[in-house]
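Peer 1: In the numbering used here, the protein residues as written are 867 to 1004.
Mind having a look at this structure? Questions to follow.
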């Protein structure tokens, strides 16, 4: 059995970081991925929003370097959780628990993204810079 997800998208908001007991750090942010296709000459686009959760040193890196608008490559696993809201209605949330992250490209204002001194991971073989424009998911 395999539970693996790979996402390349734009960060929807700056990470929300919590420092918990025992120096445990958790970072959460939204990530937008887009799909575009044409059918019968009509162009269609769909944006999917993902809840990204990072723990420990990866959360520290997100706190320092990840900002709204950054493009990131994330590998992780899908995890769902349920809870009862204030009205007693059962809700289910799907999170992506990130195992690795690579910062891609540059910030929207064209300034460089700071890279941590220790690599997060090797970048994927094909980055957004090496794909032909028609193959980009955005």
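Here a beta-carbon is modelled for each residue, glycine too, at the ideal position from N, C-alpha and C.
Source: prediction; values computed, not measured.
Here's a check: name, in chain order, each residue in its chain whose Cβ is nearer than 7 Å to the Cβ of residue 949, leaving out the five neighbours to either side.
Peer 2: Around residue 949: 957.
Peer 1: Using CA atoms only, rank isn't needed, just tell me which of 928, 918 and 953 is closest to residue 945.
Peer 2: Answer by Cα proximity: 918.
Peer 1: Find out if the Cβ-Cβ distance for the pair residue 935, residue 877 is shorter than 8 Å.
Peer 2: Yes, Cβ-Cβ distance for residue 935 and residue 877 is below 8 Å.
Peer 1: Which term fits residue 886, buried or exposed, when burial requires 16 or more other beta carbons within 10 angstroms of its beta carbon?
Peer 2: By the neighbour-count rule (16 or more Cβ atoms within 10 Å), residue 886 is not buried but exposed.
Peer 1: For residue 910, I'd like the list of residues in its chain whose CB is within less than 6 Å of its CB, leaving aside the five on either flank, ordered along the chain.
Peer 2: So the qualifying residues of the chain are 903.
Peer 1: Can you tell me which residues form a DSSP beta bridge with residue 943?
Peer 2: DSSP, once it has assigned bridges, lists 963 as partnering residue 943.
Peer 1: Distance, Cα to Cα, residue 976 vs residue 880?
Peer 2: With a pLDDT of only 42 at residue 976, under the threshold of 50, the placement of this residue in the model should not be trusted; the figure read from the coordinates follows. Roughly 17 Å separates the two Cα atoms.
Peer 1: From the DSSP output, in three-state form, read off residue 871 for me.
Peer 2: Residue 871 falls in the strand class under three-state DSSP.
Peer 1: Report yes if the CB atom of residue 940 is closer than 8 Å to the CB atom of residue 962, and no otherwise.
Peer 2: A contact, by the Cβ cut-off of 8 Å.
Peer 1: For residue 890, does the count of other Cβ atoms within 10 angstroms reach 16, so buried, or fall short, so exposed?
Peer 2: When all chains shown are included, residue 890 counts as exposed.
Peer 1: Determine whether the beta carbon atoms of residue 916 and residue 897 lie at a separation below 8 Å.
Peer 2: The answer is yes: Cβ separation under 8 Å.
Peer 1: My output table needs one value for residue 888: the three-state DSSP class, helix, strand or coil.
Peer 2: Helix at residue 888.
Peer 1: Can you tell me the Cα-Cα spacing of residue 952 and residue 906, whole angstroms?
Peer 2: Taking the straight line joining both Cα atoms gives about 46 Å.
Peer 1: Specify the secondary structure class of residue 824 as computed by DSSP and reduced to three states.
Peer 2: Past the edges of the chain, shown from 867 to 1004, lies residue 824, and the structure says nothing about it.
Peer 1: Quick check on residue 879: does DSSP put it in helix, strand or coil?
Peer 2: Residue 879 falls in the coil class under three-state DSSP.
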